[in-house]
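Visitor: Position one of the sequence shown corresponds to residue 1 (full-length UniProt numbering), numbered consecutively onward.
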Amino acid sequence: EIIDNEVIENIKSTQNKDQEVPDDVVGFSDEEIKAMLKSIYFHVDSEYFSTKIGDLLARRLSFDGTQMDGHVDNQLKGGATAILALIVGRRLYIANCGNSIAILIKEIGNELSLFPIYQLHENHEVGEMERIRKLGLPDPRVVKNPTRCFGDYFRKGGYKENQLLKEATSEPIIVEPTVIGGVNMDDAFRFLLFVSPTVVRAIHIIKPSANVNETLAEWIVAEIKNNRTIESVAQKVLDNICHQYDGVLKTKIASSQKSITRDSMSMLFIPLCSNMVEKLDPENEVREQQILTQTNGDSNNCVQPYVDFSEFETSELRDTVLAKIESLKQYYKDKKTMHIITEE
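1. What do you get for VAL126, buried or exposed, if any count of 16 or more other CB atoms within 10 angstroms of its CB means buried?
2. Helix, strand or coil: which one does DSSP assign to ASN110?
3. If we ignore side chains and look at the alpha-carbon of each, how far apart do GLN19 and SER13 end up?
4. Go through the region 100–183 residue by residue and report every complete run of the beta strand (DSSP E) that reaches 3 residues or more, in order.
5. May I ask you to verify whether the region 46–54 touches the region 101–113, counting CB pairs closer than 8 Å and requiring at least 3?
6. By DSSP, does ARG201 sit in helix, in strand, or in coil?
7. Specify, as a first and last residue, the run of the alpha helix (DSSP H) that LEU272 falls within.
8. How should ALA234 be labelled, buried or exposed, when 16 other C-beta atoms within 10 angstroms of its C-beta is the threshold for buried?
9. Within 10 angstroms of the Cβ of ASN226, are there 16 or more other Cβ atoms? Answer buried if so, exposed if not.
10. GLY54 lies in the alpha helix (DSSP H); which residues open and close that run?
11. Does DSSP classify GLY79 as helix, strand or coil?
12. Taking 7 Å as the limit between beta carbons, can you name the residues of its chain near SER170, skipping five residues before and five after?
13. Between the C-alpha atoms of ASP263 and PHE191, what's the straight-line distance to the nearest angstrom?
14. Straight-line CA distance for THR251 to PRO208?
15. For the region 214–254, list the alpha helix (DSSP H) runs that are entirely contained and at least 4 residues long, ordered along the chain.
16. For GLU128 versus TYR41, is the C-beta spacing smaller than 8 Å?
17. Who are the Cβ neighbours of SER299 in its own chain at under 6 Å, not counting the five residues just before and after it?
18. To which residues does DSSP link TYR93 through a beta bridge?
19. With DSSP collapsed to three states, give me the class of PHE28.
20. With the cut-off set at 8 Å, would you say ILE3 and PHE150 are in Cβ contact?
21. Only counting the same chain, and skipping five residues up and downstream in sequence, which positions put a Cβ closer than 6 Å to that of ALA202?
22. Span of the beta strand (DSSP E) holding PHE49?
23. Are PRO172 and ARG155 touching if we call contact CB-CB under 8 Å?
24. Throw me the rounded Cβ distance for the LEU37 and VAL221 pair, which I believe falls under 8 Å.
25. Please state whether DSSP places MET185 in a helix, a strand or coil.
26. Do you know offhand how far ARG91's Cα is from TYR159's?
27. Quick check on this structure: which residue in GLY182, PHE269 and VAL237 has the alpha carbon closest to the alpha carbon of PHE28?
28. Hey, how far is the Cα of GLN163 from the Cα of VAL142?
29. Excluding the 5 residues flanking ASN10 on each side, which residues of the same chain have their C-beta closer than 7 Å to its C-beta?
30. Could you tell me the distance, in whole angstroms, from the CA atom of ASP30 to the CA atom of ASN96?
31. If you measure between the beta carbons of THR147 and ASN123, is that distance less than 8 Å?
32. So what does DSSP say about MET267, is it helix, strand or coil?
33. Please classify ILE131: is it buried, with 16 or more other beta-carbons within 10 angstroms of its beta-carbon, or exposed?
34. Per DSSP, PHE191 forms a beta bridge with which residues?
35. Could you tell me whether the Cβ atoms of ILE117 and VAL200 are closer together than 8 Å?
Here it is as structure tokens:
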């Protein structure tokens with residue numbers, strides 16, 4: 001939550017120092033926007049260490065070798081990944097720090113096609129392996145995934161205390177995001193999909209030899225044919241993954257006699273065209289408000305999780321709520337289009 005708020009607020013407050021530009025930064029070039037996003041990630045990470053956990057670090061430095069506080073250390077271990085989508089005019093930028101994935105869905109010849117637009121930061125990726133080896137760590141696997149994140153003191157400023165990382169010439173874990181874009185958006189774009197690392201890991205466990213992108217494409221297309229809303233598509237795909245994953249876990253638990261838990265999973269569908277309703281519901285049975293709850297987000301412009309509206313449609317408060325939604329639409333109409341997903 002800290003990362004969500006800080007990154008979004010920094011983007012909203014960023015302006016070109018040399019010239020006046022519109023609030024939506026349309027006047028920036030691709031390279032300027034990429035540099036801005038990277039700078040914001042660096043700034044948020046630095047602020048986290050100095051203001052959010054600065055007191056903890058100071059307290060820890062005051063201890064001698066016999067007074068180390070395990071509770072303090074546990075608080076310093078936390079890290080967070082973040083993936084962000086920024087739409088400037090008709091250009092899309094994806095800034096990823098960590099191992100979440102982003103997939104663009106386009107309609108080509110009446111068929112939906114998926115296009116990955118992300119770069120994973122994990123120790124088996126070629127780019128990360130080379131970066132880690134240049135730091136004097138011959139085996140990149142000693143740097144646990146993800147290899148880039150916010151926070152995580154003992155793999156950054158305190159890495160010399162980590163027996164596996166202490167030989168590195170500088171911090172093995174960095175916060176620099178990979179920024180892809182600007183991708184020119186056309187009328188074929190339908191929606192953007194964000195998937196958390198836990199979903200990716202679950203698919204690898206369910207189908208060890210399968211391609212994650214192809215597997216997701218297969219499941220998404222199948223559910224789009226059977227469901228009328230973005231919310232129900234996301235829910236069904238995630239339910240399918242959880243159901244299969246739970247089955248694998250039960251088998252492992254039975255064979256190992258050990259307790260195995262399932263981490264929370266996140267999947268976000270972000271509509272990218274105004275006629276998304278008609279594309280998923282030819283009979284036009286989906287109310288406009290159902291899609292707006294997915295695209296408007298909260299006061300920080302963050303994408304809300306998908307919602308099942310079946311109970312809402314039969315509620316006696318339905319008309320009152322819809323009236324409030326209309327007033328909120330007016331309030332948010334000038335907000336920027338920005339989306340972020342994080343996982344701690």
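Quick reminder that beta carbons are idealized off the backbone N, C-alpha and C, glycines included. A quick note: this is a predicted structure, and the numbers were derived from the prediction, not measured.
Guide: Well, looking at it:
1. exposed
2. coil
3. Confidence in GLN19 is poor, its pLDDT being 39 and thus under 50, which makes the residue's placement unreliable; the coordinate value appears in the next sentence. Between the C-alpha atoms of GLN19 and SER13 there is a straight-line separation of about 15 Å.
4. 101–108 and 111–116
5. no
6. ARG201: helix per DSSP, three-state reduction.
7. LEU272 -> no alpha helix (DSSP H), and no H or E assigned at all.
8. That one is buried.
9. exposed
10. 54–61
11. Three-state result, GLY79: strand.
12. LEU135
13. 26 Å
14. 15 Å
15. none
16. no
17. Any answer about SER299 is weak, because its pLDDT of 40 lies below 50 and its placement is not dependable; what the coordinates show is given next. Excluding positions up to five away in sequence, the list is empty.
18. LEU86
19. coil
20. yes
21. ILE241 and TYR245
22. Annotation for PHE49: no beta strand (DSSP E) segment contains it, and DSSP assigns it neither H nor E.
23. yes
24. Actually they are not in contact, since the Cβ atoms of LEU37 and VAL221 sit about 31 Å apart, beyond 8 Å.
25. coil
26. Taking the straight line from one Cα to the other gives about 38 Å.
27. That would be GLY182, whose Cα lies nearest to the Cα of PHE28.
28. Per the coordinates, the alpha-carbon of GLN163 lies some 10 Å from the alpha-carbon of VAL142.
29. If we look at ASN10 and ignore the five residues flanking it on each side, its Cβ neighbours are ILE40, HIS43 and VAL44.
30. Near 16 Å, if we compare the C-alpha coordinates of ASN96 and ASP30.
31. yes
32. strand
33. Checking the displayed sequence, the identity of residue 131 turns out to be Arg instead of Ile. The residue is buried, with at least 16 neighbouring Cβ atoms inside 10 Å.
34. ILE105 and PRO271
35. No Cβ-Cβ contact shorter than 8 Å links ILE117 with VAL200.
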